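Colleague: Please find one structure pasted underneath; my questions will follow.
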Amino acid sequence: MKNILNTLAYYGGQSSVEKNTFTPWPAPTQNHLNALQRVLDSGKFHRVNHPLIEELESNTSKYCGTQYSRAVSSGSAALHVATDFFANQGEIAIVCALNWPGAVAAISHCGLRPIFVDTADDACIDEISAINHMHKEGVAIVQITHLFGNSAPRAKLRSFARSKNIAIVDDCAQAANVPNYLKNYLNLESDAYVLSGNGAKHLASGELGLLSTNSLELIEHVDNVSLSSSSRNGERIFSPSSLGYNYRPNVFSASIALDRLNEIDEQIRIRRENVNYLVNKLEKLPGIKRLFGKNFEDSSFCSLPMRLDFKALNLPATAEVRNKIVELLAAEHVPISVWLTRPVWEYNPAWKNKYDLNDFPNTKAILDSMFCISEIAPPNGITELQTVVQAFEKVWDALSIFGMELIKKKE
Numbered sequence: 063m064k065n066i067l068n069t070l071a072y073y074g075g076q077s078s079v080e081k082n083t084f085t086p087w088p089a090p091t092q093n094h095l096n097a098l099q100r101v102l103d104s105g106k107f108h109r110v111n112h113p114l115i116e117e118l119e120s121n122t123s124k125y126c127g128t129q130y131s132r133a134v135s136s137g138s139a140a141l142h143v144a145t146d147f148f149a150n151q152g153e154i155a156i157v158c159a160l161n162w163p164g165a166v167a168a169i170s171h172c173g174l175r176p177i178f179v180d181t182a183d184d185a186c187i188d189e190i191s192a193i194n195h196m197h198k199e200g201v202a203i204v205q206i207t208h209l210f211g212n213s214a215p216r217a218k219l220r221s222f223a224r225s226k227n228i229a230i231v232d233d234c235a236q237a238a239n240v241p242n243y244l245k246n247y248l249n250l251e252s253d254a255y256v257l258s259g260n261g262a263k264h265l266a267s268g269e270l271g272l273l274s275t276n277s278l279e280l281i282e283h284v285d286n287v288s289l290s291s292s293s294r295n296g297e298r299i300f301s302p303s304s305l306g307y308n309y310r311p312n313v314f315s316a317s318i319a320l321d322r323l324n325e326i327d328e329q330i331r332i333r334r335e336n337v338n339y340l341v342n343k344l345e346k347l348p349g350i351k352r353l354f355g356k357n358f359e360d361s362s363f364c365s366l367p368m369r370l371d372f373k374a375l376n377l378p379a380t381a382e383v384r385n386k387i388v389e390l391l392a393a394e395h396v397p398i399s400v401w402l403t404r405p406v407w408e409y410n411p412a413w414k415n416k417y418d419l420n421d422f423p424n425t426k427a428i429l430d431s432m433f434c435i436s437e438i439a440p441p442n443g444i445t446e447l448q449t450v451v452q453a454f455e456k457v458w459d460a461l462s463i464f465g466m467e468l469i470k471k472k473e
């Protein structure tokens, strides 16, 4: 039995995954150098009405199935613009407790009071809990964050929001396919879609945000929050009526994002293919469950979210157990991490310690049990991911024999 322990890289054994097996995202290519060259050749390095910016906005609208799109400096900036626009409809924003701090920061910026709701088993907002709060007076916005690339259609929530004149804002920073999927496959609507060009996202291009909508008033509101520095139709003027946030998009990032957008369907297809392989293999091991919906085809998998079933592993249901298992796998050079460890209000100074995680039992359970596998994007494929499966199998063999003894054992 000690020989099995000695095979684990954590205890000095040979790792299952060789270093440099994976090409880390954003996996730059010659195309991206060409994209940067396009900006150099244009002779213009900025302007909100740069031809490359306008081309990206047009292509984004076509992809999302909306009438308008506007590029800004980041996904968080796009969320701020949308939240600021709808904030005059009330004083409350409904949002999921499992979230990225940047996704909900705009609620604080705009002076809205958050109502946090519990998390569903697909790591997105719990529909019933959200609807129950939407009966209250003063709800301006419900924000649907599509974490990890998971798609959260939430048809009943959207319908109820429409009936109450509550704005629907979809944070698709990690789920670039969601606008296209909701409109073309489910015939569902949103008041605002937010996409991101952050280097970890599908449109990886540096830092960039895109706001896509059917509301011309919302698009025009971008310049009420940000600075355009000159008229969008070309005149050299500077007399803004604006909050003055410098949310202007980076032209170099926009040029790369154009290439990413042209290839987005193929990129997501490969991500799904890779995830399908991994999940089918890993779910054969006891105690590993997916943290997304049943259908692979509605998610775009910015990363692969999974969770542990502690009961099936016969281990205590604690974050410490999860953390040790992740350490064992990371030592095998599996691209694995624990991304979120706290409910989202704990990241915001205005909300910290004002809410009790015990009131959100599913959020707590997910925070204690989830982990993410990265590097599922092209050019990585099944050949590379086979080594990840081997690493999991090796660690699980040791867990099946040693159980809690392995969790407690030091290096």
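All letters in the sequence shown, in the order written, are residues 63 to 473 by the numbering used here. From the three backbone atoms N, C-alpha and C, an ideal C-beta is built for every residue, glycine too. All values reported here derive from a predicted model rather than from experimental measurement.
Restricting to Cα atoms, I'd like to know which of Gln329, Phe454, Arg175 is closest to Cys364.
Modeller: Position 302 of the sequence shown, counted from the first residue, corresponds to residue 364. Residue Gln329 is the option with its Cα nearest to Cys364.
Colleague: State the DSSP-derived secondary structure class of Thr380, mapped to helix, strand or coil.
Modeller: Numbered from 1 along the sequence shown, position 318 holds the residue referred to as residue 380. Note: Thr380 maps to coil in three-state DSSP.
Colleague: Can you check DSSP and say which residues form a bridge with Ile463?
Modeller: The residue you call residue 463 lines up with position 401 of the sequence shown. Paired residues: none, contrary to the question.
Colleague: For Ala393, I'd like the list of residues in its chain whose CB is within less than 8 Å of its CB, leaving aside the five on either flank, ordered along the chain.
Modeller: The count along the sequence shown starts at 1 and reaches residue 393 at position 331. Contacts found: Leu70, Ala71, Tyr72, Ser77.
Colleague: Alpha carbon to alpha carbon, how far is Ser213 from Ala168?
Modeller: Here residue 213 is taken as the residue at index 151 of the sequence shown, counted from 1. Here residue 168 is taken as the residue at index 106 of the sequence shown, counted from 1. If you take the alpha carbons of Ser213 and Ala168, they lie about 22 Å apart.
Colleague: Can you list, in chain order, the residues of its chain whose CB lies under 6 Å from that of Thr128, leaving out five sequence neighbours each side?
Modeller: Against the sequence shown, residue 128 aligns to sequence position 66. Contacts found: Ser274, Thr275, Asn276.
Colleague: Do you know offhand how far Ala237's Cα is from Leu102's?
Modeller: Here residue 237 refers to the residue found at position 175 when the sequence shown is read from its first residue. Here residue 102 refers to the residue found at position 40 when the sequence shown is read from its first residue. The alpha-carbon atoms of Ala237 and Leu102 are separated by roughly 30 Å.
Colleague: For Asn415, count neighbouring Cβ atoms within 10 angstroms of its own Cβ and tell me buried if that reaches 16, exposed if not.
Modeller: Your numbering for residue 415 matches position 353 in the sequence shown. Exposed is the call here.
Colleague: From the DSSP output, in three-state form, read off Lys414 for me.
Modeller: Residue mapping note: residue 414 aligns to position 352 of the sequence shown, counting from 1. Three-state DSSP puts Lys414 in coil, outside helix and strand.
Colleague: Starting from Gly164 and walking both ways along the alpha helix (DSSP H), at which residues does that stretch end?
Modeller: Position 102 of the sequence shown holds residue 164. Here the alpha helix (DSSP H) through Gly164 covers 163–171.
Colleague: What are the start and end residues of each continuous beta strand (DSSP E) run of 3 or more residues lying completely inside the stretch 217–252, in chain order?
Modeller: Listed in chain order, the complete beta strand (DSSP E) runs (minimum 3 residues) inside the stretch 217–252 are 229–233.
Colleague: Could you pull the DSSP bridge partners for Met196 from this structure?
Modeller: Taking the first residue of the sequence shown as position 1, residue 196 is located at position 134. Looking at the DSSP assignment, Met196 forms no beta bridge with any residue, so it has no partner.
Colleague: Among Ile428, Val388, Ile444, which residue has its Cα nearest to the Cα of Ile469?
Modeller: Sequence index remark: in the sequence shown, residue 469 carries index 407 (1-based). Per the Cα distances, Val388.
Colleague: Here's a check: name, in chain order, each residue in its chain whose Cβ is nearer than 6 Å to the Cβ of Ala381, leaving out the five neighbours to either side.
Modeller: The count along the sequence shown starts at 1 and reaches residue 381 at position 319. The residues are Asp430.
Colleague: When the distance is taken between beta carbons, is Asp371 closer than 8 Å to Lys351?
Modeller: For the purposes of this step, residue 351 is identified with residue 289 of the sequence shown, where counting begins at 1. For the purposes of this step, residue 371 is identified with residue 309 of the sequence shown, where counting begins at 1. Yes, the Cβ-Cβ distance between Lys351 and Asp371 is below 8 Å.
Colleague: Note down, one range per segment and in chain order, each beta strand (DSSP E) of at least 3 residues found wholly within the stretch 117–145.
Modeller: Counting whole runs of 3 or more residues, the stretch 117–145 contains the beta strand (DSSP E) stretches 130–134.
Colleague: Could you please give the first and the last residue of the uninterrupted beta strand (DSSP E) stretch that includes Thr207?
Modeller: Numbered from 1 along the sequence shown, position 145 holds the residue referred to as residue 207. Its beta strand (DSSP E) spans residues 201–207.
Colleague: With the cut-off set at 8 Å, would you say Asp421 and Ile66 are in Cβ contact?
Modeller: Walking along the sequence shown from the start, residue 421 turns up at place 359. Walking along the sequence shown from the start, residue 66 turns up at place 4. Taking 8 Å as the Cβ cut-off, Asp421 and Ile66 do not qualify as a contacting pair.
Colleague: So, at 6 Å on beta carbons, what are the nonlocal neighbours of Trp87 in its own chain, with the 5 sequence-adjacent residues on each side left out?
Modeller: Translated into the one-based positions of the sequence shown, residue 87 becomes position 25. Counting only Cβ-Cβ distances below 6 Å, and skipping sequence neighbours, we find Ala439.
Colleague: To which residues of the same chain is Pro423 closer than 8 Å at the C-beta, ignoring the five residues directly before and after it?
Modeller: Mapped onto the sequence shown, residue 423 falls at position 361. Cβ neighbours of Pro423 beyond the five flanking positions: Asp180.
Colleague: Report, in whole angstroms, the separation of the C-beta atoms of Phe148 and Ala229, which I expect to be a contact under 8 Å.
Modeller: As a working note, residue 148 is residue 86 in the sequence shown. As a working note, residue 229 is residue 167 in the sequence shown. About 4 Å; that satisfies the 8 Å criterion.
Colleague: Thinking Leu391 and Phe454 are a contact (beta carbons under 8 Å), I'd like their distance in whole angstroms, please.
Modeller: As a position in the sequence shown, residue 391 is number 329, starting the count at 1. As a position in the sequence shown, residue 454 is number 392, starting the count at 1. Right, their Cβ atoms sit about 7 Å apart.
Colleague: Within the same chain, show all residues whose beta-carbon is closer than 8 Å to that of Asn93, passing over the 5 residues directly before and after it, in chain order.
Modeller: For this step, residue 93 is matched to residue 31 along the sequence shown. Excluding positions up to five away in sequence, the list reads Asp321.
Colleague: If we call anything under 8 Å between Cβ atoms a contact, is Val400 one with Asn376?
Modeller: Numbered from 1 along the sequence shown, position 338 holds the residue referred to as residue 400. Numbered from 1 along the sequence shown, position 314 holds the residue referred to as residue 376. Taking 8 Å as the Cβ cut-off, Val400 and Asn376 do not qualify as a contacting pair.
Colleague: Quick one: Cα of Gly306 to Cα of Cys234, how far?
Modeller: Taking the sequence shown and counting its residues from 1, the one referred to as residue 306 is at position 244. Taking the sequence shown and counting its residues from 1, the one referred to as residue 234 is at position 172. Answer to the nearest angstrom: the Cα atoms are 25 Å apart.
Colleague: Can you say whether Glu437 is buried or exposed, counting buried as having 16 or more other CB atoms within 10 angstroms of its CB?
Modeller: As a working mapping, residue 437 is identified with position 375 in the sequence shown. Its Cβ being crowded by 16 or more others within 10 Å, Glu437 is buried.
Colleague: Short of 6 Å in beta carbon distance, which residues of its chain neighbour Gly355, apart from the five on each side in sequence? Order them along the chain.
Modeller: Walking along the sequence shown from the start, residue 355 turns up at place 293. Result list for Gly355: Asp184, in chain order.
Colleague: Between Phe314, Thr449, Pro378, Asn150, which lies nearest to Glu467 when the distance is taken from Cα to Cα?
Modeller: The residue given as residue 467 occupies position 405 in the sequence shown. The residue with the shortest Cα to Cα distance from Glu467 is Pro378.
Colleague: For Arg220, which of Ile154, Ile190, Gly152 has the nearest alpha-carbon?
Modeller: Along the sequence shown, read from residue 1 onward, the residue named residue 220 stands at position 158. Closest option to Arg220, Cα to Cα, is Ile190.
Colleague: Tell me the DSSP secondary structure of Gly268 in three-state form.
Modeller: Here the question's residue 268 lines up with position 206 in the sequence shown. Residue state, collapsed to three classes: strand.
Colleague: So Pro423 is in the alpha helix (DSSP H); what residue range does that whole segment cover?
Modeller: The residue given as residue 423 occupies position 361 in the sequence shown. 423–431 is the extent of the alpha helix (DSSP H) around Pro423.
Colleague: Enumerate in chain order the residues of its own chain whose CB-to-CB distance from Val450 is below 6 Å, with the five nearest sequence positions on each side excluded.
Modeller: Here residue 450 corresponds to residue number 388 of the sequence shown, with the count starting at 1. Result list for Val450: Val396, in chain order.
Colleague: Decide if Ile115 is buried, meaning its Cβ has at least 16 other Cβ atoms within 10 Å, or exposed.
Modeller: The count along the sequence shown starts at 1 and reaches residue 115 at position 53. Classification of Ile115: buried, given that the 10 Å Cβ count is 16 or more.
Colleague: Per the DSSP calculation, Phe178 is bridged to which residue(s)?
Modeller: What you label residue 178 is simply residue 116 of the sequence shown in a count that begins at 1. Answer by DSSP bridge pairing, in chain order: Val157.
Colleague: Tell me whether Ser317 sits in a helix, a strand or coil according to DSSP, three-state version.
Modeller: Mapped onto the sequence shown, residue 317 falls at position 255. Three-state result, Ser317: helix.
Colleague: Val79 to Thr85, Cα distance in whole Å?
Modeller: Walking along the sequence shown from the start, residue 79 turns up at place 17. Walking along the sequence shown from the start, residue 85 turns up at place 23. Taking the straight line from one Cα to the other gives about 13 Å.
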